[in-house]
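Participant:
Pasting the structure below:
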């Protein structure tokens with residue numbers, strides 16, 4: 001699947017689009033898999049990417065939590 005991946009904190013140039021990212025696995029009965037058709041960039045995503053947010057994800061990470069799509073599973 002395609003995914004934007006951040007391997008280091010910094011400006012927009014640290015975002016890399018990868019085409020060989022594994023599809024996430026459903027691990028419990030309360031999870032779904034969504035085929036994303038559109039996504040947005042929340043301002044918080046830019047703060048996280050810059051390393052300026054109070055909570056920092058482990059690197060590498062895929063940014064973004066806002067999206068629209070179709071439930072695949």
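Residue numbers (UniProt numbering): 1 to 73. All C-beta atoms in this analysis are idealised placements derived from N, C-alpha and C, irrespective of residue type, glycine included.
Touching or not, the region 62-73 and the region 2-18, by the rule of three or more beta carbon pairs under 8 Å?
Facilitator: They touch, by the three-pair rule.
Participant: Out of 47, 33, 54 and 59, state which residue places its alpha-carbon closest to the alpha-carbon of residue 69.
Facilitator: 33
Participant: Under the rule that 16 or more other beta-carbon atoms within 10 Å means buried, what is residue 30, buried or exposed?
Facilitator: Exposed, by the Cβ-count rule.
Participant: Quick check on residue 14: does DSSP put it in helix, strand or coil?
Facilitator: helix
Participant: Kindly give me the distance between the Cβ atoms of residue 35 and residue 9, rounded to whole angstroms, as I take these residues to be in contact under 8 Å.
Facilitator: At roughly 29 Å, the Cβ-Cβ gap does not stay under 8 Å, so residue 35 and residue 9 are not in contact.
Participant: Answer yes or no: the CB of residue 53 versus the heavy atoms of the ligand SAM, is any distance below 7 Å?
Facilitator: The ligand SAM is not among the ligands present in this structure, which contains no ligands whatsoever.
Participant: Starting from residue 48 and walking both ways along the alpha helix (DSSP H), at which residues does that stretch end?
Facilitator: 43-50
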